[in-house]
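Chemist: Dropping the structure in here first, questions after.
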Amino acid sequence: MLALSAEGALPKVDYAIFADTGWEPRAVYDHLERLENEIAEPAGIPLLRVTSGNIRKDAIDPDHRFASMPLYILNQDGKPGMTRRQCTGEYKIKPIKKKVRELLGYPYPARIPKGIFVEQWVGISTDEFHRAKDADVKYMRNRHPLIDMGWSRADCVRYLTTLGLADTPKSSCLGCPYHGNAQWRHIRDNSPSEWADVVAFDAAIRKGNARANATGNRLLGEAFLHRSRIPLDQAPIDHVTAAEWAALQQEIGTESPHSEELEQGVIDGCSPWACRGSEITQDDFGLAS
Ligand code: SF4
Numbered sequence: 003m004l005a006l007s008a009e010g011a012l013p014k015v016d017y018a019i020f021a022d023t024g025w026e027p028r029a030v031y032d033h034l035e036r037l038e039n040e041i042a043e044p045a046g047i048p049l050l051r052v053t054s055g056n057i058r059k060d061a062i063d064p065d066h067r068f069a070s071m072p073l074y075i076l077n078q079d080g081k082p083g084m085t086r087r088q089c090t091g092e093y094k095i096k097p098i099k100k101k102v103r104e105l106l107g108y109p110y111p112a113r114i115p116k117g118i119f120v121e122q123w124v125g126i127s128t129d130e131f132h133r134a135k136d137a138d139v140k141y142m143r144n145r146h147p148l149i150d151m152g153w154s155r156a157d158c159v160r161y162l163t164t165l166g167l168a169d170t171p172k173s174s175c176l177g178c179p180y181h182g183n184a185q186w187r188h189i190r191d192n193s194p195s196e197w198a199d200v201v202a203f204d205a206a207i208r209k210g211n212a213r214a215n216a217t218g219n220r221l222l223g224e225a226f227l228h229r230s231r232i233p234l235d236q237a238p239i240d241h242v243t244a245a246e247w248a249a250l251q252q253e254i255g256t257e258s259p260h261s262e263e264l265e266q267g268v269i270d271g272c273s274p275w276a277c278r279g280s281e282i283t284q285d286d287f288g289l290a291s
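Numbering (this note's numbering), first residue to last: 3 to 291.
Below, the structure written as structure tokens:
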């Protein structure tokens, strides 16, 4: 959408915003630099980076309040569970809304007068139109230009290829538990230092997040990044185990788990504006409507 806007195929946007969890793969930061230098800057579109901190650091810092990641839990009785996903709200939605309020001239907690709003473009393509949603605050109105143009994911990839951006990486935290086996393998096979980083993080969260433990709210069981609930460096990322299938059946309460999800990761992933609504806890991320 940034490129379409920059070349005039879509109206020119005032700003592009990137919410940085502090733990994206190197390839995403490199890509962002390229987008900024080759597309945003020449078109005079400011690319704003916003952040609520570093999700990796916060998760293992006993002194830091932590918005939990969706970790896979093995309870003491052997039953599988998951921790709530609050990270998308804290590390993506909150800093974006904060910046939008600033840009409008009404930083939180100022009251925003009726009728003052930004138009926010969300890059959802036609093959995932069910993810398109209205904003949950009155000062933002969502638009979905790719859907308006009738563009599918394949159309986007074709367009990016013409710009020399065929290798556009998927943005998400390096150690996001929503990764499927394909993403874990990609990290392991292409980036040894990033693999060492996620394996170390996986070991560090085995007893849950550090803050909860420090405040006496101990996890009764063990936490894992991989769905198999096995330490990442031993997890069956090259194939799906029978135990993994069984756990997925329990998680989604269906007899027919999606094999696609095991391989490619949680289908709706972690988009701030198109996530699975039931899993986002708003808490104070609404930053008042
Ligand atoms: S990418 Fe994963 S870990 Fe990161 S904010 Fe999104 S859901 Fe949380």
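Ideal Cβ placement from N, Cα and C applies to all residues, glycine included.
The structure displayed is predicted, hence computed values, not measured ones.
1) Quick one: is P194 buried, meaning 16 or more other Cβ sit within 10 Å of its Cβ, or exposed?
2) Can T128 and S154 be called in contact, C-beta distance under 7 Å?
3) Going by beta-carbon coordinates alone, are P225 and P64 separated by less than 7 Å?
4) Can you tell me whether DSSP reads W186 as helix, strand or coil?
5) Mark A245 as exposed unless 16 or more other C-beta atoms lie within 10 angstroms of its C-beta, in which case mark it buried.
6) Please list, in chain order, all residues of the same chain as G152 whose beta carbon is under 8 Å from its beta carbon, the five residues on each side excluded.
7) DSSP three-state call for M3: helix, strand or coil?
8) Can you tell me whether S261 is buried or exposed, with buried defined as 16 or more other CB within 10 angstroms of its CB?
9) Ends of the alpha helix (DSSP H) at L31?
10) With a threshold of 6 Å (Cβ to nearest heavy atom), would S261 be considered close to the ligand SF4?
11) Applying the 10 Å Cβ sphere with the 16-neighbour rule, what's the burial state of A11?
12) Out of L34, K96 and G46, point me to the one whose CA is closest to V15's CA.
13) Who are the Cβ neighbours of A184 in its own chain at under 6 Å, not counting the five residues just before and after it?
14) According to DSSP, is Y141 helix, strand or coil?
15) Which class does R155 belong to by DSSP, given the choice of helix, strand or coil?
16) What three-state label does DSSP hand I41 in the structure shown?
Modeler: Once the coordinates are examined:
1) So P194 ends up on the exposed side.
2) In this structure, S154 lies closer than 7 Å to T128 by Cβ.
3) Note that residue 225 corresponds to Ala in the displayed sequence, not to Pro. For the pair A225 and P64, the CB atoms are not nearer than the 7 Å cut-off.
4) Residue state, collapsed to three classes: helix.
5) With fewer than 16 Cβ atoms within 10 Å of its Cβ, A245 is classed as exposed.
6) Excluding residues up to 5 positions away in sequence, T128 lie with their Cβ nearer than 8 Å to the Cβ of G152 in the same chain.
7) Three-state result, M3: coil.
8) Its Cβ having fewer than 16 others within 10 Å, S261 is exposed.
9) Looking at the sequence itself, residue 31 is Tyr, so the reference to Leu does not match. For Y31, the uninterrupted alpha helix (DSSP H) run begins and ends at R28 to R36, by DSSP.
10) Between the ligand SF4 and the CB of S261, the shortest heavy atom gap is not smaller than 6 Å.
11) Exposed, by the Cβ-count rule.
12) Nearest C-alpha to V15 among L34, K96 and G46: G46.
13) Answer for A184: E265 and Q266, listed in chain order.
14) Y141 falls in the coil class under three-state DSSP.
15) In the three-state scheme derived from DSSP, where H, G and I count as helix and E and B as strand, R155 is classed as helix.
16) It is helical.
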